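Student: Here it is, the structure, as structure tokens.
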Amino acid sequence: MPDPDESMPPNGAPLHLILREQLPRVCSEHGRPAAQLRTAQIPFVDRRGGAERLTSARFLLRIFSRIGSRDPFNVDPHIVLHGDWPACPACLRHARRFVRIGQFLSVAAAITVVALVLALLQGVRGLVVPLVFAVFPGWFPVGLLLIKGTFERAEIFARARMTPDRSHVVITAHPDFVNAIHLEYPTTPTE
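Going by my numbering, the sequence shown wraps up at 303, each residue one higher than the last.
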């Protein structure tokens, strides 16, 4: 297994990988014909057993695990995979649904903060305490992580992981996607 420091760019910047070949126009999740290709990035962080996808939950766990270190909030990805991912109409509907949920949560958070400010300015003591708890810890940090996770989920069009030696990306896919890969690239290994 290569030394993690050897493949990393200088100054701690993430290693950017770009898909070498275009994926077939078949949805990897459902195996249906793709309605469009969506450009997306999949961030990974290094772990002892290899690289794993950086999600909102892992982001939060990494912050808590780094409390007491010099820079606990430096949880930037080590590797970023760039590519055009095929998405079928069902995937696009799913993505739009998560975007709408994220937008709704964002507006609800803003309304809660505005309500808190108005309650403070108007001196409505009965609303101040519940609104303070709704904002802290309700919307900050819990709500912000929920909003981040919701928008993040809207951008997932492929389930991918890296091999422990970081030499290959493994896409968990529908059998029809795998067949399309074999037709387009006959020498591609599959698990």
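Just so it is clear, CB atoms sit at the ideal spot from N, CA and C, and this is done for glycine as well. Computed from a predicted model, the values in this text were never measured in an experiment.
1. Is it buried or exposed, R278, if we count other Cβ atoms within 10 angstroms and call 16 or more buried?
2. When you compare the stretch 278-289 with the stretch 137-152, are there three or more beta-carbon pairs, one atom per stretch, that lie closer than 8 Å?
3. Between R150 and E267, is the Cβ-Cβ spacing less than 9 Å?
4. Quick one: any contact between the stretch 222-234 and the stretch 247-262, if contact means 3 or more CB pairs under 8 Å?
5. Over the uninterrupted beta strand (DSSP E) stretch that includes H128, give me the two end residues.
6. In chain order, which continuous runs of the alpha helix (DSSP H) of length 4 or greater are located wholly inside the stretch 202-263?
7. I130: buried (16+ other C-beta within 10 angstroms of its C-beta) or exposed?
8. Using C-beta distances below 8 Å, list every residue in its chain close to F210, excluding the 5 sequence neighbours before and after it, in chain order.
9. Using DSSP with H/G/I as helix, E/B as strand and the rest coil, what is P287?
10. Leaving aside the five residues before and after A292 along the sequence, list all residues of the same chain whose C-beta is less than 7 Å from its C-beta, in chain order.
11. Assign H194 to one of two classes, buried (16 or more other C-beta atoms within 10 Å of its C-beta) or exposed (fewer than that).
12. In angstroms with no decimal places, state the Cα-to-Cα distance between V244 and T167.
Tutor: Short version:
1. Along the sequence shown, one-based indexing puts residue 278 at 166. Label assigned to R278: buried.
2. yes
3. The residue you call residue 150 lines up with position 38 of the sequence shown. The residue you call residue 267 lines up with position 155 of the sequence shown. Yes, the Cβ-Cβ distance between R150 and E267 is below 9 Å.
4. yes
5. The count along the sequence shown starts at 1 and reaches residue 128 at position 16. Looking at the DSSP string, the run of the beta strand (DSSP E) that includes H128 is L127 to I130.
6. 237-245
7. Translated into positions along the sequence shown, residue 130 becomes position 18. So I130 ends up on the exposed side.
8. Counted from its first residue, the sequence shown places residue 210 at position 98. These residues qualify, in order along the chain: T262, F263, R265 and A266.
9. Looking up residue 287 in the sequence shown gives position 175. Note: P287 maps to helix in three-state DSSP.
10. In the sequence shown, the residue the question calls residue 292 occupies position 180. For A292, where only same-chain residues beyond five positions count, the Cβ hits under 7 Å are P136 and V138.
11. Counting from 1 along the sequence shown, the entry for residue 194 is found at position 82. Classification for H194: exposed.
12. Walking along the sequence shown from the start, residue 244 turns up at place 132. Walking along the sequence shown from the start, residue 167 turns up at place 55. Looking at the two C-alpha atoms, the distance is approximately 28 Å.
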